[in-house]
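In order, the protein sequences belong to chains A and B. Counting from 1 along the first sequence, just add 1 to a position and that's the residue number in my numbering. Counting from 1 along the second sequence, just add 16 to a position and that's the residue number in my numbering. Just so it is clear, CB atoms sit at the ideal spot from N, CA and C, and this is done for glycine as well.
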Amino acid sequence: MFKFVKNKINAIKLFSKNNEDSNKEIKVDIKLTTNIDKNISIIKEIMGLNKDFIIREFFLGERKSIRIALFYIDGMVEKTTINQSILKPLMYDVWMIKSDINQNLNTIETIKKTIVSVGDIELESSINLLIESCLTGNTVMLVDKYTEGLVISTAAWVARAIEEPKTEVVVRGPREGFTENITSNTVLIRRKICDPNLIFEAMKIGVRTKTKVAIAYINGIVDKKIVDEVKLRLGRIKIDAVLESGYIEQLIEDAPFSLFTTVGNSEKPDVVAAKMLEGRVAIITDGTPIVLTVPMLFGESFHSSEDYYSRPYYMSFVRIIRYLSLIISIFAPSVFVALTTFHQEVIPTPLFFTMAVAREGTPFPAMLEAFVMIVTFEILREAGVRLPRPVGQAISIVGALVIGEATVQAGIVSSPMVIVVALTAIASFISVVHGDSASILRLIFIIIGGILGAYGITIGLIFVLVHLTSLRSFGIPYFAPFAPFVASDLKDSIIRAPLWLMNRRPYSLRPENSQREKANSLPQKQ
Amino acid sequence: MDIEDQKISGVQLTQLMICFICGSNILLTVSMTVAKQDIWLAILGGVVESLVFAIIYIFITKKYPNKTLIEINDLVFGSFLGKLVSTLYIIFFFLQGSAYLRIITNFFKSQIMPETPMFVLALALLIVCAYAVNKGFEVISRLSMLFLIFLMLEVAFVFVTGYSDMKFKNFLPIFDITMTDFIKSANIIGTTHFGEFVVFLMFFALLNNTSKGKNSNIKIYIISILSGGAILIVISVITIALIGNLAPIDNYPYFQAIRIINVRDILTRFEIITSINILAMVFFKICVYFYATVSGIRKILKLSSQSFLVLPIGIIMINTSLMLFKNPFEVTQFATEIFPLYGLVFEVLFPVLILVITQMKKLFVNR
């Protein structure tokens with residue numbers, strides 16, 4: 002059966018591949034001609050009616066013999082650079098040209114080497130590439146009688162400042178977060194890791210968006226196979242637009258049919274740096290503050306950067322609480338349903354009597370009750386996320402008073418169920434990464450628990466564990482420190498061992514260089 | 017990666033084998049009816065017997081390190097007879113898997129969920145087993161350590177909470193067992209708990225190269241038998257200490273023993289946790305037999321893939337498990353009277369034959 006589905010998927014893949022080939026736009030690479038008027042008209046034709054596309058024509062030299070044209074997109078370039086470093090030297094400070102022009106020197110080389118005072122400047126002859134660089138904020142300069150144009154980097158546009166990210170809030174630790182600008186994001190990482198082995202490899206993904214994507218890793222730590230795999234998968238992406246790193250995540254992940262995500266992400270440069278130092282690869286996408294990190298392990302979602310910045314004892318306790326809260330958020334309602342429906346003997350007798358009194362008169366079976374309450378909670382949560390903040394208070398009043406208080410008073414839902422659902426709801430906020438898969442699993446487990454009791458829940462648990470164990474993220478077993486059981490990596494899983502004990506990088510990630518600090522790093526007195 | 021090419025490490029195989037032994041703990045009652053309070057003695061006897069079995073298996077795995085049982089049969093018995101023996105083995109594995117499916121559904125039906133149809137219970141478990149088998153042997157063996165830890169935590173928890181209720185007087189009179197009964201009960205332990213190791217001759221070929229050291233298979237067998245035996249002894253000691261003479265009467269003595277534990281009226285009747293553990297351990301047992309059946313059929317018919325076999329064999333397994341026994345007592349009778357002899361054919365007779373023929377062939381070739 003699985004084979005059948007797989008074959009179908011392969012067939013669809015093959016079909017779409019053929020389709021894509023026939024639909025491919027035939028792009029002729031147009032080269033620059035020696036006639037500048039012709040060049041300008043070609044570029045004008047391609048750019049069409051764009052109002053923000055500026056063409057500036059002027060003459061160079063004393064006798065106004067050399068025609069020059071500048072192209073740029075208004076708003077994406079830094080005007081002062083164009084005025085001060087390109088136009089001014091070319092139009093006024095042409096003392097060089099005056100003497101050299103008659104000696105038949107290469108004008109464009111002279112302009113590049115001696116006149117334009119901008120850092121990044123390149124020669125390019127293809128009109129397509131010139132327009133592309135123009136669209137990314139560069140300024141293109143064409144010189145008459147030359148079949149090459151100059152690409153001068155002048156990109157600058159309004160960007161958000163570096164702020165504290167909204168999602169990964171910490172009490173202790175750096176406050177800065179990534180922004181939408183890929184250059185500033187790479188700088189943020191570079192400032193954390195001052196090492197020439199830190200490599201940023203650039204790519205462009207998206208036929209129409211041409212989104213800049215950088216693959217970042219630390220040479221000598223990361224397993225080279227992972228880097229190659231990442232490059233291979235990124236290279237396979239053929240899509241017209243990449244608007245957010247989520248597009249890339251969904252197109253490179255190992256298990257697209259799984260509830261669990263196999264690609265990690267973070268919004269904080271210190272977190273990404275730490276992950277790269279453990280042997281992971283980061284994928285930075287232009288236009289989004291979310292940076293992807295692969296391979297991802299299941300336990301990674303329970304880690305916070307603060308765990309490592311604060312002292313280990315309380316943080317280990319917090320880690321245990323986090324794991325516990327995921328278990329509660331998935332299993333609490335279903336276990337409650339199973340206990341009240343099938344296994345009443347497990348509940349201590351006094352508690353059981355209280356619960357029986359509370360449940361008396363409620364019309365629905367526990368399973369239905371739990372299901373309805375959890376769905377109600379999901380509705381409330383979604384409403385709370387989407388609504389503007391002032392309206393949000395109304396939601397909480399409706400949620401707490403009407404649904405919580407009134408349903409119990411009216412005898413529709415028993416009060417222990419409300420308590421269990423409330424506990425589940427609070428616990429579900431702790432694990433953000435697995436929160437979405439947990440909400441779906443919770444509903445499934447409620448149904449199984451209502452039908453098959455503890456037997457069904459155990460079977461469901463085994464199913465989920467088998468699934469987690471079978472997952473791989475870029476060749477690394479997803480459920481790594483637990484199954485396969487890697488004893489040495491347990492020091493950074495359910496607990497967080499003291500830093501002086503974690504002198505080796507996680508074995509599960511197969512780093513090339515596993516030594517993190519010297520073997521005996523216990524702080525010592527003089 | 018293809019499911020058939022998956023490799024496992026020696027440590028993972030050891031963990032899986034311990035889980036495999038613990039899967040038989042549900043059948044503790046069978047030997048307990050014979051050995052009564054001297055069950056620990058029977059277990060020691062069974063461990064010794066299984067160590068003898070292990071010597072045979074160790075020799076076989078050493079002679080044919082990269083071959084599964086099916087291929088060994090072909091090499092040793094020739095193409096036709098070998099296929100016949102392999103077919104018998106596959107039927108044995110299949111029936112064992114079905115029997116354990118029946119045993120666990122019996123347990124849940126009689127003890128925990130009396131009104132749920134047995135078919136539903138069997139179906140639910142087999143879906144998970146089929147999923148695990150479809151994901152490959154690597155996944156099954158990797159998962160074993162997790163459940164082994166659960167099991168150990170549970171046993172430790174039971175021991176601590178039940179300590180005040182334990183009466184070690186229950187072990188008296190000591191050595192109150194006839195020689196026949198001792199041999200009989202030791203043989204039951206040896207064949208059901210440990211002798212079923214014969215199925216792992218199918219999986220030693222899956223060991224990765226780093227685990228194929230000189231004495232790695234000796235280590236794997238010895239460690240798993242000893243730790244499995246240790247867990248078995250602890251469980252039976254807890255059982256006898258808690259309920260004493262009632263233990264041999266009950267069908268699921270360990271489970272019944274835990275019902276007695278009562279810590280200040282707060283922790284009562286948590287046998288449901290034990291049932292979860294029993295289910296998890298039997299899950300491994302069924303998975304291993306299921307996988308052995310499926311991969312055996314693949315090997316014998318020289319198929320390129322095995323995942324399409326999982327569903328049909330699973331369906332047949334459910335039906336077989338429902339038809340195999342009329343009632344739970346027949347299971348007990350089968351395990352006490354028939355299996356200790358019927359199992360020996362596959363666990364000892366054929367492996368010894370394999371060994372002897374291999375040695376003979378070697379002698380003739382040398383001449």
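From the DSSP output, which residues share a beta bridge with residue i?
| i | result |
| --- | --- |
| glutamate 202/A | Ile216/A |
| alanine 70/A | Glu58/A, Leu143/A |
| alanine 283/A | Ala217/A, Thr294/A |
| threonine 425/A | Bridge partners of threonine 425/A: none, in fact. |
| lysine 32/A | Ser127/A |
| glutamine 516/A | Arg505/A |
| proline 478/A | Arg473/A |
| glycine 113/B | DSSP output for glycine 113/B lists no bridge partner at all. |
| arginine 497/A | Asp493/A |
| alanine 10/B | Shown here, chain B extends from 17 to 383; a query on residue 10/B therefore has no answer. |
| isoleucine 24/B | Leu223/B |
Buried or exposed, going by whether 16 or more other CB atoms sit within 10 Å of the CB of residue i?
| i | result |
| --- | --- |
| leucine 131/A | buried |
| tyrosine 147/A | buried |
| glutamate 513/A | exposed |
| lysine 185/B | exposed |
| arginine 173/A | exposed |
| lysine 114/A | exposed |
| glutamine 516/A | exposed |
| tyrosine 218/A | buried |
| alanine 246/B | exposed |
| serine 180/B | exposed |
| glutamine 53/B | buried |
| leucine 233/A | exposed |
Where residue i and residue j are concerned, what is the direct C-alpha to C-alpha distance, given to the nearest angstrom?
| i | j | result |
| --- | --- | --- |
| isoleucine 24/B | glutamine 525/A | 42 Å |
| leucine 323/A | serine 306/A | The sequence shown places arginine at residue 323/A, not leucine. Rounded to the nearest angstrom, the two C-alpha atoms are 14 Å apart. |
| isoleucine 128/B | lysine 318/B | 43 Å |
| asparagine 233/B | lysine 78/B | 8 Å |
| lysine 89/A | valine 117/A | 9 Å |
| proline 499/A | arginine 312/A | 7 Å |
| isoleucine 370/B | valine 361/B | 12 Å |
| phenylalanine 310/B | isoleucine 206/A | The amino acid at residue 310/B is misidentified as phenylalanine; the sequence shows valine. One C-alpha to the other measures close to 44 Å. |
| isoleucine 69/A | glutamate 58/A | 6 Å |
| threonine 363/A | glycine 412/A | 5 Å |
| valine 176/B | glutamate 170/B | 10 Å |
| arginine 382/A | leucine 402/A | 15 Å |
| glycine 476/A | arginine 281/A | 12 Å |
| proline 349/A | serine 321/B | 52 Å |
Going by C-alpha to C-alpha distance, which of the options sits closest to residue i?
| i | options | result |
| --- | --- | --- |
| isoleucine 302/B | Thr77/B, Leu141/B, Tyr80/B, Val136/B | Leu141/B |
| isoleucine 187/B | Lys318/B, Val368/B, Pro269/B, Ile259/B | Isoleucine is not the amino acid found at residue 187/B; the sequence shown has phenylalanine there. The option with the nearest alpha carbon to phenylalanine 187/B is Ile259/B. |
| isoleucine 449/A | Ala439/A, Phe59/A, Gly461/A | Gly461/A |
| serine 127/A | Asp30/A, Glu406/A, Ile41/A, Met48/A | Asp30/A |
| phenylalanine 378/A | Ser246/A, Ala411/A, Gly400/A, Val6/A | Gly400/A |
| isoleucine 44/A | Leu260/A, Leu143/A, Thr115/A, Arg517/A | Leu143/A |
| leucine 468/A | Phe475/A, Phe480/A, Ile109/A | A quick correction: the sequence has histidine, not leucine, at residue 468/A. Taking only the C-alpha atoms, the option nearest histidine 468/A is Phe480/A. |
| glutamate 133/A | Gly120/A, Ile153/A, Asp145/A | Ile153/A |
| aspartate 493/A | Met374/A, Ile404/A, Ser302/A, Ser326/A | Ser302/A |
| valine 144/B | Leu357/B, Tyr105/B, Phe210/B, Ile334/B | Ile334/B |
| valine 50/B | Lys315/B, Gln349/B, Ser114/B | Gln349/B |
| leucine 327/A | Ile445/A, Lys225/A, Ala426/A | Ala426/A |
| threonine 212/A | Val231/A, Cys195/A, Asp121/A, Ile238/A | Ile238/A |
| valine 304/B | Ala146/B, Phe69/B, Gly98/B, Ile74/B | Ala146/B |
| asparagine 203/B | Glu287/B, Val279/B, Tyr270/B, Ile354/B | Ile354/B |
Given the structure, does residue i come close to the ligand MN, in the sense that its CB is under 6 Å from one of the ligand's heavy atoms?
| i | result |
| --- | --- |
| isoleucine 71/B | As for the ligand MN, it is missing from this structure, which has no ligand bound. |
Chain D partners of residue i, CB-CB under 9 Å?
| i | result |
| --- | --- |
| tyrosine 307/B | The displayed structure is made up of protein chains A and B, and chain D is not among them. |
Interface residues of the segment 428–453 of chain A facing chain B [CB-CB below 8 Å]: Leu453
Under 7 Å (Cβ pairs) to chain A, residues found in the segment 149–175 of chain B: Asn150, Lys151, Val155, Arg158, Leu159, Met161, Leu162
Positions along the segment 455–468 of chain A whose CB lies within less than 9 Å of some CB in chain B: Ala455, Tyr456, Gly457, Ile458, Thr459, Ile460, Gly461, Leu462, Ile463, Phe464, Leu466, Val467, His468
Residues from the segment 123–136 of chain B in contact with chain A, defined by Cβ distance under 8 Å: Phe124, Ile128, Met129, Thr132, Val136
Chain-ordered residues of the segment 273–292 of chain B with a beta carbon less than 9 Å from chain A: Arg275, Asp281, Ile282, Leu283, Thr284, Arg285, Phe286, Glu287, Ile288, Ile289, Ser291, Ile292
Residues, ordered as in the chain, of the segment 337–348 of chain A that lie near chain B by beta-carbon distance below 8 Å: Phe343, His344, Glu346, Val347
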